[in-house]
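**Q**
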Amino acid sequence: MAGALVAGAWGLFAGAALLVGAAVGTLVRVPPRLIALVMAFGSGVLMAAVSFELIAEAYERSGMVPVVTGAVGGAVVYSGANALLARRGARHRKRSGEQQPSEGEAPGSGNAIALGALLDGVPESVVIGTSLLGGGHLGVATVGAVFISNLPEGLASAAGMRAAGRGRGYVFALWGGIAVVSGLAALAGYALLGGASAAVMATITAVAGGAILAMVADTMIPEAYGRVHLMTGPVTVVGFLSAFALAHL
């Protein structure tokens, strides 16, 4: 029970970065180009976390087959769900400009954006919980990567929501709720999968990795490239190397 509570606390901590980013994006006028640069950095951080923490861990647990099937499955499920939500107004939920529709322009888009935020955050949180089953070292590195990447996500999304006319109450309620769900998802990952086989754990880890990579490609890189263009690549590499260093401390 104590281990599950620790996992939940780590998940809540990582999810709280979304709320911190949202507070900055809501209360302070941050230049769009700066938001895009931070988003590119966060993209690199997540890609490194997937490569060196999730996929590598899954491969060490049970070999190539669970890695391939899990990662492809995670990417397909995420992209399919993302496509459905995009049709309902959540396509630009991580864009900081005026791309997001208002509720008047697309009724129900607020709910779609909330579901999209949930879709983005749950895979990361489940992995935080399951990674702590291995003794804690991997979990701390993963939490650090998720926390760093969540800051620009919350920042850009909140700025876009405000540009679409959504109030501060909606923004803070959304990201506060996602932070709580992140903690619960991490707790569930630890509590429910403690007795799972190596193959099952590897597949679940790879599923989360595939979903996170698809999320980066579908939602984060477009926001960065749309604003800073050719600067996206170098800044993404800096984020990648930063997370690589964090994983090897």
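The numbering of the sequence shown is my numbering, which starts it at 535 and goes up by one. Virtual Cβ for every residue (Gly too), placed ideally from N, Cα, C. Nothing here was measured: the structure is a model prediction, and the numbers come from that model.
1) Return the CA-CA distance between Tyr593 and Thr603, expressed in angstroms with no decimal places.
2) Can you check whether the CB of Gly650 is closer than 8 Å to the CB of Pro635?
3) Report, in whole angstroms, the separation of the C-beta atoms of Ala583 and Ala679, which I expect to be a contact under 8 Å.
4) Look at the alpha carbon of Gly670 and the alpha carbon of Leu775, and state the distance between them as a whole number of angstroms.
5) Hey, quick one: how far does the alpha helix (DSSP H) through Phe774 stretch, first residue to last?
6) Measure the beta-carbon distance from Gly549 to Gly717 and round it to whole angstroms, keeping in mind my assumption that it falls under 8 Å.
7) Given a cut-off of 8 Å, decide if Ser577 and Met754 are closer than it, judged by their beta-carbon atoms.
8) Considering only residues of the same chain and omitting the five flanking positions on each side of Gly495, which have a CB-CB separation below 6 Å?
9) Tell me the DSSP secondary structure of Arg761 in three-state form.
10) Between Gly688, Ala693, Leu667, which lies nearest to Trp544 when the distance is taken from Cα to Cα?
11) Does the pairing of the segment 744 to 752 with the segment 609 to 621 give three or more beta-carbon distances under 8 Å?
12) Please confirm if the segment 733 to 750 is in contact with the segment 564 to 575, defined as three or more CB-CB distances below 8 Å between the two stretches.
13) Could you please give the first and the last residue of the uninterrupted alpha helix (DSSP H) stretch that includes Val741?
14) Pick from Ala742, Ala557, Ala779, Ala732: whose alpha carbon is nearest that of Asp654?
15) Roughly how many angstroms separate the alpha carbons of Ile738 and Gly703, rounded to a whole number?
16) Let me confirm a value: Arg621 is counted as buried when at least 16 other C-beta atoms fall within 10 Å, else exposed. Which label applies?
17) If we call anything under 8 Å between Cβ atoms a contact, is Val769 one with Ser683?
18) Please return the same chain residues whose Cβ sits closer than 8 Å to the Cβ of Phe778, not counting the five positions on each side in sequence.
19) Is the distance from the Cβ of Ala692 to the Cβ of Gly537 below 8 Å?
20) Relative to the C-alpha of Gly744, which residue among Leu764, Leu588, Ala725 is closest?
21) To the nearest whole angstrom, what separates the beta carbons of Leu553 and Trp709, a pair I think is in contact under 8 Å?
22) Using 8 Å as the threshold, is the C-beta distance between Met765 and Thr664 below it?
**A** Quick look at the numbers:
1) 12 Å
2) no
3) 4 Å
4) With a pLDDT of 48 at Gly670, under the threshold of 50, the predicted position of this residue should be treated as unreliable, though the coordinate-derived value follows. Going by the C-alpha atoms only, they are around 22 Å apart.
5) First-last of the alpha helix (DSSP H) with Phe774: 766 to 781.
6) 6 Å
7) Cβ atoms of Met754 and Ser577: closer than 8 Å.
8) Outside the shown range of the chain, which is 535 to 783, sits residue 495, and nothing can be said about it.
9) helix
10) Among Gly688, Ala693, Leu667, the Cα nearest to that of Trp544 belongs to Leu667.
11) yes
12) no
13) 732 to 749
14) Ala742
15) Inter-residue distance for Ile738 and Gly703 is about 35 Å (C-alpha atoms, whole angstroms).
16) The residue is exposed, with fewer than 16 neighbouring Cβ atoms inside 10 Å.
17) no
18) Ala582, Phe586
19) In this structure, Gly537 does not lie closer than 8 Å to Ala692 by Cβ.
20) Leu588
21) Contact holds; Cβ gap of about 5 Å.
22) Taking 8 Å as the Cβ cut-off, Met765 and Thr664 do not qualify as a contacting pair.
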